[in-house]
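Notes follow the structure.
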Amino acid sequence: MDKRKAPTRFTGITYSLIAAVIGGIAFKLLHLPIPWLLGPMFAVLIGSNVFKGRFAWPGQFRNTGMIIVGYTIGLAMTAAALKEMSYQLPWMLLMTLLLLLWCAGIAYPVSRLAEIDYKSSLLGSIPGGLTQVLVLAEETDGVNLTVVTVTQVIRLILIITCVPLLVTSPLFGQAHEGSGAGAPLSAVSAGWSSGMIPNLLVYALVCVGCAVLGNKIKFPTAFLLGPAIGTAVLQWTGIQGPPLPSFVLNAAQLFIGVHVGLMLKPGRLTHKVRTISLAVGSGLLLMLGALGLSVLLTKLQPVSASTGLLSLAPGGMDQMGIIAHEIHADLSMVAGYQLFRTFFIFFAVPPLLKAMFRYNSKLTKRRETQ
728 MDKRKAPTRF TGITYSLIAA VIGGIAFKLL HLPIPWLLGP MFAVLIGSNV FKGRFAWPGQ
788 FRNTGMIIVG YTIGLAMTAA ALKEMSYQLP WMLLMTLLLL LWCAGIAYPV SRLAEIDYKS
848 SLLGSIPGGL TQVLVLAEET DGVNLTVVTV TQVIRLILII TCVPLLVTSP LFGQAHEGSG
908 AGAPLSAVSA GWSSGMIPNL LVYALVCVGC AVLGNKIKFP TAFLLGPAIG TAVLQWTGIQ
968 GPPLPSFVLN AAQLFIGVHV GLMLKPGRLT HKVRTISLAV GSGLLLMLGA LGLSVLLTKL
1028 QPVSASTGLL SLAPGGMDQM GIIAHEIHAD LSMVAGYQLF RTFFIFFAVP PLLKAMFRYN
1088 SKLTKRRETQ
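Heads up, the sequence shown is in the numbering used here, so the first residue is 728 and it goes up one at a time.
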């Protein structure tokens, strides 16, 4: 039985890889932003929905891509960059709270228009990692998991499609900022030599070890944050980490893009038009709020418009980190803001939401008994 299944899985991976490469090349030729993330994502999304059941992609591939991106982010976390980030902590807290309040405000009219409960609407609007929010939704009584999943996935598509177009548009000035944080990572060939191979092996072991350990202890986004933290700590000890060749970073984006593409299942939606329309509307409003806050951040702090938007965009740190690296934005600042929000949402939001839902439940029961 296993022998019959193995070729099917191998064939599914092959289909996914072929579609992903075609999508990446097409996006590259069309000069679209982050082609090796968006190209594979859309190609696999289309292919897997046209040829149902024929596409497959192991979770280990996605995790490998996350580890590579985590290593790249960790390289930007120099002691000087972290010192600069420490001055940003009050602003990180303020911007995170304002963004979450904006989300809570969006969720109320959406819940009314969609005729769904506020819990489901709120969890669908929270700009956390997809996995974290879905776990929280599963643990919360009375939540429509399908609505939460659809809203979160559509938000993710909007963010990783629209944000690259925004930050590379004339609205945000030049596509490449050439900031100090981005320059070392872009000069891949200059920083690479055969003498760096022993260092790279050490970093590889540390990154994989931190990812596995983080996953064991239920660390948020373990395969990204574990390597990022491990790389940063190892770098502080004086062991120089070599920047990766561009083809390795492209492969990491492809691994993640295929995974996201296969997550999307449009055929499973009920009330497709209404659900998708409201999800798109709330996603666009969320992006508008992030854009407004990024403008505020550029007025309060000496940061560029694209760095500000990537720091506050309600996407995942992996996608925003990839985009920041591609356009030479301040990667350490983008990673810092995204990391802070990830931890805040993971540790502070769940107990706050549960307390709020319990309070609302008690109020409802009191009204019913009166």
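Positions of the beta carbon are idealized from the N, C-alpha and C atoms, including for glycine.
*Report, in whole angstroms, the separation of the C-beta atoms of residue 826 and residue 1010, which I expect to be a contact under 8 Å.*
At roughly 14 Å, the Cβ-Cβ gap does not stay under 8 Å, so residue 826 and residue 1010 are not in contact.
_Going by C-alpha to C-alpha distance, which of 848, 959, 1082 and 838 sits closest to residue 797?_
959
*Mark residue 799 as exposed unless 16 or more other C-beta atoms lie within 10 angstroms of its C-beta, in which case mark it buried.*
buried
*Kindly give me the distance between the Cβ atoms of residue 1090 and residue 1061, rounded to whole angstroms, as I take these residues to be in contact under 8 Å.*
Actually they do not touch by this definition, with Cβ atoms about 40 Å apart.
*Where does residue 1032 fall in DSSP's three states?*
helix
*Roughly how many angstroms separate the alpha carbons of residue 936 and residue 977, rounded to a whole number?*
23 Å
_Once DSSP output is grouped into helix, strand and coil, what is the label at residue 740?_
helix
_Quick check: the Cα distance between residue 870 and residue 843, rounded to an integer number of angstroms?_
9 Å
*Rounded separation between residue 704 and residue 830 - CA only*: Any question about residue 704 goes unanswered here, given that the chain covers just 728 to 1097.
_Cβ pair count under 8 Å reaching 3, the stretch 763 to 782 against the stretch 963 to 982_ = yes
*First through last residue of the alpha helix (DSSP H) which encompasses residue 1045*: 1044 to 1054
*asked:* Taking the straight line between their C-alpha atoms, what separation do you get for residue 896 and residue 1086?
replied: 45 Å
*Mind pulling the alpha helix (DSSP H) runs of 4 or more residues that sit fully within the stretch 971 to 1018?*
973 to 990
_Alpha carbon of residue 1078 to alpha carbon of residue 847, nearest angstrom_ = 16 Å
_Inter-residue spacing [alpha-carbon to alpha-carbon] between residue 1066 and residue 1004_ = 30 Å
_Environment of residue 795 [buried if 16+ CB atoms lie within 10 Å]_ = buried
_With three or more beta-carbon pairs closer than 8 Å as the criterion, would you say the stretch 733 to 753 touches the stretch 938 to 958?_
no
*Considering only residues of the same chain and omitting the five flanking positions on each side of residue 791, which have a CB-CB separation below 8 Å?*
979 and 982
*Locate the alpha helix (DSSP H) running through residue 823, then write down its first and last residues.*
816 to 841
*Say whether the stretch 963 to 970 touches the stretch 743 to 754, bearing in mind that this needs 3 or more beta-carbon pairs closer than 8 Å, one atom from each stretch.*
no
*For residue 896, does the three-state DSSP call read helix, strand or coil?*
coil
_For residue 1094, which residues in the same chain have their Cβ closer than 7 Å to its Cβ, ignoring the five residues on either side in sequence?_
none
*Tell me where the alpha helix (DSSP H) around residue 787 begins and ends.*
786 to 803
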